[in-house]
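Participant: Residue numbers (this note's numbering): 175 to 435. C-beta atoms are modelled at their ideal positions from N, C-alpha and C, and glycine is treated no differently. Just so we're clear, the structure is a prediction, and the values are computed from it rather than from any experiment.
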Ligand code: GLP
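(1) Please state whether the Cβ-Cβ distance between residue 378 and residue 411 is less than 8 angstroms.
(2) Just to check, is the beta-carbon of residue 383 closer than 7 angstroms to a non-hydrogen atom of ligand 1?
(3) For the pair the region 245-253 and the region 268-285, tell me if three or more CB-CB distances fall below 8 angstroms.
(4) If we ignore side chains and look at the alpha-carbon of each, how far apart do residue 263 and residue 312 end up?
(5) Using a Cβ-based criterion (distance less than 7 angstroms to any ligand heavy atom), does residue 201 qualify as near ligand 1?
(6) Mind reading off the beta-carbon distance from residue 254 to residue 294? Whole number of angstroms is fine, and I expect it under 8 angstroms.
(7) Which full runs of the beta strand (DSSP E) of 3+ residues lie inside the region 243-324, going along the chain?
(8) Residues bridged to residue 241 by DSSP?
(9) Under three-state DSSP, which class holds residue 222?
(10) Let me check one thing: in DSSP terms, what residues is residue 228 bridge-paired to?
(11) What residues are listed by DSSP as bridge partners for residue 179?
(12) How many angstroms separate the CA atom of residue 242 from the CA atom of residue 397?
(13) Which parts of the region 363-435 are runs of the alpha helix (DSSP H), unbroken and 4 residues or longer, counting only runs that do not cross its ends?
(14) Roughly how many whole angstroms lie between the Cα atoms of residue 324 and residue 205?
(15) Taking 8 angstroms as the threshold (C-beta atoms), are residue 413 and residue 419 in contact?
(16) Closer than 8 angstroms by C-beta to residue 389: which residues in its own chain qualify, once you throw out the five before and the five after it? Chain order, please.
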């Protein structure tokens, strides 16, 4: 796990965009895992600028979403499919037909989850997965107590996550769905490169557990310690509870120029 403490949110987004740009320059048909929440928004904006000025193209890319609310109407602005269309697809040159997400409106939700797993596998797996982290340490919607080997499935959201996400629903907790479909932790761990972005003091406790805590289903993101290729991009506030923050800064400053993220 490489921990990079950035000057600010913008620098974290640019560094993430650097890694994604390098992937698609080398492999134009790579598979990108996209996340919702506010943390990745700067990455999508940075990617949009790079596509616009010709540094990179996602024309041959495929993308897979991490998760989706169950039961939000097809035209609901907070349906994750619509968020990804608005924040990612509309900014880059990806073919919208190659952007996939779990179907939270399916009649048979377990079948939709199984089909989603098959689709990821048929595309050769995810090359780079963008991740945020919840204040309770969830990744995608894998809430505390999730099996660390789980696959895409239906989950019940915790009150804390619904309260955190109520800001996207006019502050009205009752409007936040109670259920979701989410890639499992095992699904996420299959991606070749995991790139997690966390900024702000509200994430400091979850980041502390992620980087320095014991691996536990109580803080699901801690399983990332077992992945061979994880990049954690933080600002000072999100890194404020790390015992090793000085070491992480020294390590990054001393990194050879030829070594990318
Ligand atoms: C939601 C998403 C997660 C995301 C988390 C944090 O729960 N399902 O993928 O990481 O929110 O969101 P934010 O980046 O807005 O703090």
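Facilitator: The answer reads as follows:
(1) Here residue 378 is near residue 411, since their CB atoms are less than 8 angstroms apart.
(2) The answer is no for residue 383.
(3) Short answer: they touch.
(4) One alpha carbon belongs to residue 263, the other to residue 312, and they sit about 25 angstroms apart.
(5) Result no, Cβ not under 7 angstroms from ligand 1.
(6) Not confirmed; about 16 angstroms, so no contact.
(7) With a minimum length of 3 residues, the continuous beta strand (DSSP E) runs that stay inside the region 243-324 are 302-305.
(8) Looking at the DSSP output, residue 241 bridges to 356.
(9) Helix, per DSSP.
(10) Paired residues: none, contrary to the question.
(11) Per DSSP, 408.
(12) Here the alpha carbon of residue 242 sits roughly 22 angstroms from the alpha carbon of residue 397.
(13) DSSP runs (the alpha helix (DSSP H)) wholly in the region 363-435: 378-386, 419-427.
(14) Computed Cα separation, rounded: 21 angstroms.
(15) Their beta carbons are under 8 angstroms apart, which means residue 419 touches residue 413 by this criterion.
(16) Once the five neighbours on either side are set aside, the close Cβ partners of residue 389 are 322, 396, 397, 399, 400.
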